[in-house]
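Position one of the sequence shown corresponds to residue 858 (my numbering), numbered consecutively onward.
Reviewing the structure listed below.
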Amino acid sequence: MSTARTPKKLSFLHIVPFTRDDPAAGLEDALDLFAYAEELGLDGGWIRTRHIQYGVPSAAVFLSAAAQRTSRIDLGTAVIPTIYESPLRLAEDLALADILSGGRLQPGLSVGKAKHDDSVSERILGPRWQEEDISYDRVERIRSFLAGVPVTEGGERAIGLGGVGEFSSDRVEPHSPGLAERLWYGAGSLRSARWAGEAGFKLLVSNISTAENSEVFTTVQREQIDLFRSVHAAGEEAVVSVGRVVIPTDGATDEQRARFASYVDARTPRTRQPQGERRTIIAPDVLGSTASIVDALRLDAAVQAADELLFELPFQFGREDYRHILRVLAEEVGPALGWTPRR
């Protein structure tokens, strides 16, 4: 079993919400938040990927913009569902974004079925969408492209119709050295955690998982983490990031406190038992004072095995709410857990 460890990194995860009529305002607020997080000394800013929703559909495009607003923090994705992506085009975009950021990208990937109903999936993915490869091979192919594995035979340049040989390459371009070693896999079951470890990825686990040998969320997730490290070539040094929704109330206004409490109250019932046929389980949000948050995180068996804590920002909050949460996490919660801000 992994031993308790002090988190080396504290980062945040954002859905980057925007409105139907003015998406630019939401995107600009999010870019400002990344810059603010860097000022606070946080280690990274990560984004969710969303399709047919009011959230970022192209992580590489947004993170390229964030790279121009920051100079130090990691820029991550948690996660990119690869069913919606061409492995070639995604690898090209991630490599380009990584180069533009100075090698700061931390891409998290996942496989699985499309999240929309069949009629929508057919419209956006095509009539043969159910034949798409949703196996782990899809992620392996992306990694091989990022690693610079030749896509031609014998090392010759890949010359297309009308192509010029001197301008062609034998691998996916641009190539960003080291990016393939920075890939994460988003796991939510023992099977996916085992595969991520055997394949040599870094592990992302969040506030959503699958009840298998237990219905206790932290027990389930710790079992996944321990399995991942037990089969990974790096053993106990294999890197794990754990995500939690944490909402501090110290320093909040009365209006914010009431709204934060209402938000958590509405979400709590779903955490009390597994949901649906897949027995999805959800970690309770952590709401309260700095002291109570620190106590809760110290009792969380999965958090105690994490190298990185990924604080998941609520979807429906506003600009000042997000800044409040990041400030308290960076200035109070993190140091109380033994973490040191980066400046």
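Built from N, CA and C at the ideal position, the CB exists for glycine as well.
{"Check": "For T1125, which residues in the same chain have their Cβ closer than 8 Å to its Cβ, ignoring the five residues on either side in sequence?", "Outcome": "P1141 and D1142"}
{"Check": "Measure the beta-carbon distance from D900 to I930 and round it to whole angstroms, keeping in mind my assumption that it falls under 8 Å.", "Outcome": "6 Å"}
{"Check": "Find out if the Cβ-Cβ distance for the pair L1167, L1194 is shorter than 8 Å.", "Outcome": "no"}
{"Check": "Whose CA, out of A1056, D1157 and E1010, lies closest to the CA of R1039?", "Outcome": "A1056"}
{"Check": "Under 6 Å Cβ to Cβ from S921, same chain only, skipping five residues before and after it: list those, please.", "Outcome": "A954 and L957"}
{"Check": "Where H1089 and Y893 are concerned, what is the direct C-alpha to C-alpha distance, given to the nearest angstrom?", "Outcome": "35 Å"}
{"Check": "Using the three-state DSSP reduction, which class does F1002 fall into: helix, strand or coil?", "Outcome": "helix"}
{"Check": "What residue ranges within the stretch 1032 to 1058 form continuous alpha helix (DSSP H) runs of no fewer than 4 residues, ordered along the chain?", "Outcome": "1047 to 1056"}
{"Check": "Starting from H1181, trace the alpha helix (DSSP H) both ways and give me its first and last residue.", "Outcome": "R1176 to V1185"}
{"Check": "Applying the 10 Å Cβ sphere with the 16-neighbour rule, what's the burial state of P984?", "Outcome": "exposed"}
{"Check": "Output needed for G1191: all residues of its chain with C-beta closer than 6 Å, excluding positions within five of it in sequence on either side, in chain order.", "Outcome": "L867"}
{"Check": "With DSSP as the reference, label L947 as helix, strand or coil.", "Outcome": "helix"}
{"Check": "Within a Cβ cutoff of 8 Å, which residues of the same chain sit near P944, ignoring the five residues on either side of it in sequence?", "Outcome": "R995, R998, I999 and F1002"}
{"Check": "Extract the residue ranges of the alpha helix (DSSP H) inside the stretch 911 to 959, only unbroken runs of 4 or more that lie entirely within it.", "Outcome": "916 to 926 and 944 to 958"}
{"Check": "What residues in its chain sit with their C-beta under 8 Å from that of T876, if we drop five residues either side in the sequence?", "Outcome": "A882, G883 and Y911"}
{"Check": "With C-beta atoms as the reference, is A948 less than 8 Å away from V1029?", "Outcome": "yes"}
{"Check": "Suppose only complete runs of 3+ residues qualify. What are the beta strand (DSSP E) ranges in the stretch 1072 to 1112, listed by chain order?", "Outcome": "1097 to 1101 and 1103 to 1105"}
{"Check": "When DSSP labels each residue in this structure, what does R1169 get in the three-state scheme?", "Outcome": "The sequence as given places Glu at residue 1169; Arg does not occur at that position. Here E1169 sits in strand by DSSP."}
{"Check": "Quick one: using the 10 Å Cβ neighbour count with 16 as the cut-off for buried, is V936 buried or exposed?", "Outcome": "buried"}
{"Check": "Express the C-alpha separation of Y941 and H908 in angstroms, rounding to a whole number.", "Outcome": "9 Å"}
{"Check": "Considering P880, what are the terminal residues of the alpha helix (DSSP H) in which it resides?", "Outcome": "P880 to L897"}
{"Check": "Going by DSSP, name the residue or residues bridged to L1061.", "Outcome": "G1043 and S1098"}
{"Check": "Using CA atoms only, rank isn't needed, just tell me which of F919, D1178 and R1200 is closest to R905.", "Outcome": "F919"}
{"Check": "Assuming L962 and L982 form a contact by the criterion Cβ under 8 Å, report the distance between their Cβ atoms to the nearest whole angstrom.", "Outcome": "Wrong, their Cβ atoms sit about 26 Å apart, outside the cutoff."}
{"Check": "Kindly indicate which residue of S1149, A1037 and G898 has the alpha-carbon position closest to the one of T1106.", "Outcome": "S1149"}
{"Check": "Can at least three beta-carbon pairs, one atom from the stretch 1111 to 1120 and one from the stretch 1060 to 1070, be found at a separation below 8 Å?", "Outcome": "no"}
{"Check": "By how many angstroms is the C-alpha of E1093 removed from the C-alpha of G1100?", "Outcome": "19 Å"}
{"Check": "Would a C-beta distance cut-off of 8 Å place E1080 and T1147 closer than the cut-off?", "Outcome": "no"}
{"Check": "If distances are taken between C-alpha atoms only, which option among G898, E885 and F1085 comes closest to P874?", "Outcome": "E885"}
{"Check": "In whole angstroms, give me the CA-to-CA distance for E979 and A1109.", "Outcome": "45 Å"}
{"Check": "Measure the CB-CB distance between L897 and A1163 and report whether it falls below 8 Å.", "Outcome": "no"}
{"Check": "Starting from T1137, trace the beta strand (DSSP E) both ways and give me its first and last residue.", "Outcome": "T1137 to I1139"}
{"Check": "Quick one: residues in its chain with C-beta nearer than 6 Å to the C-beta of V1096, no 5 flanking neighbours on either side, listed in chain order?", "Outcome": "K1059 and D1164"}
{"Check": "Could you tell me which residues DSSP pairs with P964 in its beta bridges?", "Outcome": "T934"}
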